[in-house]
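Numbering (my numbering), first residue to last: -9 to 238. Contents: one structure, followed by commentary.
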Ligand code: PEP
């Protein structure tokens, strides 16, 4: 399976950062064995798409409704209309700050698919949940309840992102990543049969140029969702190179 490396710019990026987006896209496209994309703030999507040509640009959320009285929200059709081809759904920062529930995330994923977008659906446990020995139970519950029944077919990837590893510099141990990704894989196969083998499972949480090769070598790690280390081409490139080395 080709590795999928996605940058998540979160709430970072102004007009003056478009040049960096172009540089990132140019560098990413040199890694021809890797699928890559950059998820930018909604305000930058259209300009980023125009600036980068064929390189995939995505959003970071997608409302479950197509349109209507939802002030401040962005629908799948709006993302698609702006030129996005994918979106992140259910990031832990949204699960926490916007109280998004599994049922919301499932509806958002269905809305993204209906709008013709690929979706990166995030799951992950908090530190308290891991320390209580509940990590597998929590994450498998999120997988069961957040993923739509039509998750197979190549449009959806799952990102396992332990909450305590996001933006903290603290990375999950490869053995723990292996255990979690194997459990997610087993649940996908149990639900979707052979198609469940093809759903990419990404790791996210302080992945960078120093640890990417180790994390991307873990069985069932089919790529990465990268926050801080995707903000510059200089930091993103070593991750792409590590993925390229695994894909060859
Ligand atoms: C993320 O935003 O999904 C993420 C994993 O961030 P970071 O790489 O900064 O931990």
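The C-beta atom is built at its ideal place from N, Cα and C for all residues, glycine as well.
- Per DSSP, residue 16 is one residue of the alpha helix (DSSP H) stretching across 8 to 19.
- With respect to the 7 Å criterion, residue 42 and residue 12 are classified as neighbours on the basis of their beta carbons.
- Between residue 100 and the set 65, 113, 54, 133, the nearest pair of CA atoms involves 54.
- Excluding its 5 nearest sequence neighbours in each direction, residue 198 has C-beta neighbours in its own chain below 6 Å: 219, listed in chain order.
- Non-local C-beta neighbours of residue 235 in its own chain, meaning closer than 8 Å and more than five positions away in sequence, comprise 203, ordered along the chain.
- Contact annotation: residue 171 and residue 133 have beta-carbon atoms that are not nearer than 7 Å.
- Taking every protein chain shown into account, the CB of residue 209 has fewer than 16 other CB atoms within 10 angstroms, so this residue is exposed.
- Secondary structure of residue 45 (DSSP, three-state): coil.
- If only complete runs of 4 or more residues are kept, the stretch 49 to 101 shows the alpha helix (DSSP H) at 66 to 72, 82 to 87, in order along the chain.
- Here the alpha carbons of residue 106 and residue 128 stand approximately 29 Å from one another.
- Taken through DSSP and simplified to helix, strand or coil, residue 191 comes out as strand.
- CA-to-CA, the gap between residue 72 and residue 1 works out to about 18 Å.
- In this chain, the beta strand (DSSP E) harbouring residue 26 covers 24 to 29.
- Taken in chain order, the complete alpha helix (DSSP H) segments of 4 residues or longer contained in the stretch 156 to 182 are 164 to 182.
- With a cutoff of 6 Å, residue 110 does not count as near the ligand PEP, since its C-beta is closer than that to no heavy atom of the ligand.
- Each residue's CA atom was taken as its position, placing residue 14 and residue 166 some 30 Å apart.
- For residue 142, the three-state secondary structure derived from DSSP is coil.
- The nearest non-hydrogen atom of the ligand PEP is 6 Å or more from the C-beta of residue 201.
- Contact between residue 194 and residue 229 is absent: CB atoms are separated by about 11 Å, not below the 8 Å threshold.
- With a beta-carbon spacing of about 5 Å, residue 48 and residue 27 fall inside the 8 Å limit used to define contacts.
- Relative to the Cα of residue 130, the nearest Cα in the group 103, 139, 175 belongs to 175.
- Closest option to residue 5, judged by alpha-carbon separation, among 37, -4, -2: 37.
- Boundaries cannot be given for residue 218, as no beta strand (DSSP E) includes it and DSSP labels it neither H nor E.
- In the DSSP assignment, residue 125 forms no beta bridge with any residue.
- Within the model, the alpha-carbon separation for residue 159 versus residue 227 is close to 18 Å.
- The three-state reading of DSSP puts residue 137 in coil, since its state is none of H, G, I, E or B.
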